[in-house]
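Quick note, the sequences are listed as chains B and E, same order.
Following my numbering, the numbering of the first sequence begins with 1 at its first residue and continues without gaps.
Following my numbering, the numbering of the second sequence begins with 1001 at its first residue and continues without gaps.
Okay, structure first, notes after.
2 protein chains.
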Amino acid sequence: MIGIDWGTTNLRAWRFGAAGMVVESREAPYGVTRLPPGGFDAAFAEVVGEWLADGETGVLIAGMAGSRQGWLEVPYLECPAGVEQIAGATRLLPIAPAAVRIIPGLRTRDADGVPEVLRGEETALIALLARRDAHEATICLPGTHTKWAHVGGDRVLGFTTAMTGEVFEALSQHTILRQSCAPPSADPVPPPGFMAGVAQAKRPGGLLHQAFGLRARWLMGEMAQGEGTGFLSGLLIGHDVAAALESGVSPPIILCGADALVRLYAAALEAFGIPHEVATGEPVAEGLVLVGRRLGLVG
Amino acid sequence: MIGIDWGTTNLRAWRFGAAGMVVESREAPYGVTRLPPGGFDAAFAEVVGEWLADGETGVLIAGMAGSRQGWLEVPYLECPAGVEQIAGATRLLPIAPAAVRIIPGLRTRDADGVPEVLRGEETALIALLARRDAHEATICLPGTHTKWAHVGGDRVLGFTTAMTGEVFEALSQHTILRQSCAPPSADPVPPPGFMAGVAQAKRPGGLLHQAFGLRARWLMGEMAQGEGTGFLSGLLIGHDVAAALESGVSPPIILCGADALVRLYAAALEAFGIPHEVATGEPVAEGLVLVGRRLGLVG
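Following this line, the structure appears as structure tokens:
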């Protein structure tokens, strides 16, 4: 079976052996927003054509390829949902010589009845669920849009989204805070200023006010040039964590995602005194195998 | 006397008669960030040269001309400060044939000891103070960086800043919310969606999560294209007002600024059940006269 995580900016593809082990993997900058109109077939053929020619026929795709701007729109599936419901809601796109199935995203509503949606993360979530016992937990997938999922039994019960990563980019690049934010550096994690930002987020005052505090500190010489970026990151992640805790999470919190980002969220959760675990590995690939197995595409 | 409000993007100049009445006014796009290096003298001569040739000698400038990137840096004056302290802290820039004085900005610290700064608004604040009795009040000047000033007696006692306007620009133009935000239209005020955004801000959940709610509502067809911009504006102004109230304000709240923006804040304060007044007129020009009078530049 071939599995693809077709995201907004990138595409990752895996070729799985009979037992669901990864045989080969590829990555290409053919995310949904980077393709020309109608460019899905060509990108697909370029990345996995060789594997298809080699005899693979079952293909399973997760992510933005199933969105309205994607290859074939697959409606969001309502929570609670597990691997069985997700497999049953995949949609078939017949592409010679393959049978391509696209996985649905999930939808739910928050405590205020406001809709929530995700695409791609459902595949990681069911893999993380399958690694655990049936007890309730909260899975946090940090990123451009951080997801906090409430899971229990073999289902995703619900989730909320925070625009943490994207707001960080917008504020650090497109506001007056740019002057006080040096480009992020890889070391150390967390960066200087980060824990001060988290500590600030734990106090009242509000994000819109506290963000200006970075500017004012910088003007008054109370924030070093190298600390601004870390402070803003800590302030936003701190607000994200504080709001998630206020909305109610089920401990333990399981963090999964890019290593540096997971370490930032872990440091913030630590500052809030919340127990957490870090999940490693390649959960999207694992989740594709779980859905593929349910559909008889892999052993 | 000549008075100038020299801001970040624009410059406004007034020529005052002997009693402090406005005789003539001019506006030019020569804000501090738009000038070439060393461009202050030329911009100054172009805008007010005629008035100087006509015999004016006293010039008073408020705003970003006194910043580090300005014409002459004038250190921030510590709160509490009133017209007397501000007049005493102006700095002289001798420009033939005039004596140019630049007004200092103000600084203070918020409840967490974080520095706060403003430049230009001090001149409006002392004018609004002079219109009132000595009772404490809160003056709100909405804008790119909204200022909430605590005033009492004849002084500005302290203030806080929220990056409300600038965060609105950054989120509506530089994040995925752009798709759901039509360009703002002048009518009606408040725009469709605004009050729903304010109502959302009164609920727990946090700004980073609630902003994504706009995206998800739009994806699910639960937010009309024309309502997204108003919703985001209401959400941000609602969070600004909620944080200000949580930090403690002294009623009444006096709103002063651009008409449409004042009406948005008034609508949000109304939703929070907080009494408020709207101050009209040209408080910066009034404040320049008050400082000029103290310095003997105008009668």
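No residue lacks a Cβ here, since even glycine has one placed at the ideal position from N, Cα and C.
query                                                                                                                                                                            : result
By how many angstroms is the C-alpha of B/Pro251 removed from the C-alpha of B/Ile274?                                                                                           : 8 Å
Closest to E/Ala1182 by CA distance: which of E/Pro1115, E/Thr1160, E/Arg1215 is it?                                                                                             : E/Arg1215
Beta strand (DSSP E) containing B/Ile95: first to last residue?                                                                                                                  : 91-95
Check whether the stretch 227-239 of chain B touches the stretch 193-210 of chain B, taking contact to mean three or more Cβ pairs, one atom from each stretch, closer than 8 Å. : yes
Look up E/Pro1283 in the DSSP assignment and say whether it is helix, strand or coil.                                                                                            : helix
According to DSSP, is E/Ala1260 helix, strand or coil?                                                                                                                           : helix
Applying a beta-carbon distance threshold of less than 7 Å, which residues of chain B neighbour E/Glu1116?                                                                       : Ala216
Which chain B residues sit within Cβ distance under 9 Å of E/Leu1093?                                                                                                            : Correct list: empty, because the minimum Cβ distance to chain B is about 21 Å.
Find the nearest neighbour of B/Asp154 within the set B/His145, B/Gly165, B/Phe168, B/Leu129, judged by alpha-carbon distance.                                                   : B/Leu129
Can you pull the chain B neighbours of E/Glu1166, defined as C-beta to C-beta under 7 Å?                                                                                         : Thr175, Ile176
Is there a Cβ of chain B sitting closer than 7 Å to that of E/His1150, yes or no?                                                                                                : no
What residues from chain E crowd round B/Ser247, counting only those whose CB sits closer than 7 Å?                                                                              : Pro1204, Gly1205
At a Cβ threshold of 7 Å, is E/Thr1229 touching chain B?                                                                                                                         : no
Rank B/Asp112, B/Ala186, B/Ile4 by C-alpha distance to the C-alpha of E/Arg1217 and give the top, closest one.                                                                   : B/Asp112
My assumption, with CB atoms under 8 Å, is that B/Gly206 sits in contact with E/Ala1243. Please give the rounded CB distance.                                                    : 3 Å
For the stretch 1262-1280 of chain E, which residues have a beta carbon sitting closer than 9 Å to at least one beta carbon of chain B?                                          : none
Measuring CB to CB, does E/Leu1035 end up less than 7 Å from E/Ala1043?                                                                                                          : yes
Taking the CB atoms as reference points, tell me whether B/Val278 and B/Leu255 lie closer together than 7 Å.                                                                     : yes
Under 7 Å, do E/Arg1107 and E/Val1114 count as touching if we go by C-beta distance?                                                                                             : no
Could you spell out the range, first to last residue, of the beta strand (DSSP E) harbouring E/Ser1233?                                                                          : That residue, E/Ser1233, is in no beta strand (DSSP E); its alpha helix (DSSP H) goes 1228-1247.
Whose C-beta lies closer than 6 Å to the C-beta of B/Pro142 among residues of the same chain, with five residues either side of it excluded?                                     : Gly257, Leu261, Tyr265
Using beta carbons (cut-off 7 Å, strictly below), is B/Phe212 in contact with chain E?                                                                                           : yes
Could you tell me if B/Arg12 is buried or exposed, where buried requires 16 or more neighbouring beta carbons within 10 angstroms of its beta carbon?                            : buried
Hey, is E/Asn1008's beta-carbon within less than 7 Å of any beta-carbon in chain B?                                                                                              : The residue asked about is misnamed: residue 1008 of chain E is Thr in this sequence, not Asn. No, E/Thr1008 lies away from the interface with chain B (no Cβ there is under 7 Å from its Cβ).
Compute the Euclidean distance between the alpha carbons of E/Glu1078 and B/Val156, then round it to the nearest angstrom.                                                       : 54 Å
How about E/Ile1061 and E/Trp1014: do their beta carbons lie closer than 7 Å?                                                                                                    : no
With contact counted as at least three CB pairs below 8 Å, one residue from each stretch, are the stretch 1166-1176 of chain E and the stretch 159-174 of chain B in contact?    : yes
By DSSP, does B/Thr9 sit in helix, in strand, or in coil?                                                                                                                        : coil
Distance check for B/Ile253 and E/Thr1280, CA to CA, integer angstroms please.                                                                                                   : 52 Å
Listing by chain order, which chain E residues have their CB less than 7 Å from the CB of B/Leu72?                                                                               : By Cβ distance, chain E contributes nothing, its closest Cβ being about 17 Å from B/Leu72, past 7 Å.
Taking the alpha helix (DSSP H) that E/Phe1044 belongs to, which residues open and close that run?                                                                               : 1040-1053
Is the CB-CB distance between B/Ala162 and E/His1209 below 7 Å?                                                                                                                  : yes
May I ask you to list the residues that DSSP assigns as paired with B/Leu118?                                                                                                    : B/Leu106
Interface residues of chain B around E/Ala1162 at Cβ under 8 Å?                                                                                                                  : Gly206, Leu208, His209, Phe212
What number of angstroms, rounded off, separates the C-alpha of E/Glu1282 from the C-alpha of E/Ile1103?                                                                         : 17 Å
So which residues on chain B does E/Leu1236 lean against when the C-beta distance must stay under 8 Å?                                                                           : Leu208
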